[in-house]
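Each residue of the sequence shown is one higher than the last, beginning at 16 in our numbering. Glycine residues also receive a C-beta, built at the ideal position from the N, C-alpha and C atoms. Shown next, in structure tokens, is the structure this report addresses.
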Amino acid sequence: MSIEPQHSEIHKSRLPVFSTDMCAEDMEKMVKNAERASAFLKALGHEGRLMILCHLASGEKSVTELEDLLSSRQAAVSQQLTRLRLEGLVKPRREGKAIYYSLTDDRARQIIEVVYDLFCRESHS
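What follows is the structure, given as structure tokens:
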């Protein structure tokens, strides 16, 4: 892949700079990564799903706990949890009649931390 590091005195980016002479294989890989990233961001692009992920970032929660935290009905919470599960962001665990959800990996937690830093810290209120 023809990637040149980007140098800037003002802002050093961790992002690569792609050149116009990329081979077809590298371009295809880039498109696939963009598709995956887009699906991930679409899953985060709903207030209810984002709030669920915020709550799950601190640890596993039951559906009932999420209903209470979100002041939402069970049907609405379950619908958003289903979408997050289909996107591979959360996983369920049954214990008796209760169903608990947790994050599947650290991607969602990392994004939630960035969103928190950008929008929720006191200096940005």
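Exposed unless 16 or more other CB atoms sit within 10 angstroms - verdict on residue i
{"i": "Arg29", "result": "exposed"}
{"i": "His22", "result": "With a pLDDT of only 48 at His22, under 50, the local geometry of the prediction cannot be trusted, and no value is derived from it."}
Distance CB(residue i)-CB(residue j) smaller than 9 Å
{"i": "Ala113", "j": "Val78", "result": "yes"}
{"i": "Ala52", "j": "Leu104", "result": "no"}
{"i": "Pro107", "j": "Arg100", "result": "yes"}
{"i": "Cys69", "j": "Tyr131", "result": "yes"}
{"i": "Phe55", "j": "Ile127", "result": "no"}
{"i": "His141", "j": "Gln95", "result": "For residue 141 there is no data in the structure shown, the boundaries of the chain being 16 and 140."}
Same chain only: Cβ atoms within 8 Å of residue i, ignoring 5 sequence neighbours per side
{"i": "Val92", "result": "Gly63, Ile67, Val78, Leu81, Glu82 and Leu85"}
{"i": "Gly74", "result": "Ser117"}
Three-state secondary structure assigned by DSSP to residue i
{"i": "Ala72", "result": "coil"}
{"i": "Ser34", "result": "coil"}
{"i": "Asp28", "result": "Checking the sequence shown, residue 28 turns out to be Ser, not Asp. Coil, per DSSP."}
Sequence-distant residues of the same chain with beta carbon closer than 7 Å to residue i, five excluded per side
{"i": "Gly71", "result": "For the sequence presented, residue 71 should be read as Leu rather than Gly. Val105, Tyr116, Ser117 and Leu118."}
Own chain partners of residue i with C-beta closer than 6 Å, once the 5 adjacent residues on each side are dropped
{"i": "Asp121", "result": "none"}
Runs of beta strand (DSSP E) wholly within the stretch 84-130 (minimum 3 residues, chain order): 105-110 and 113-118
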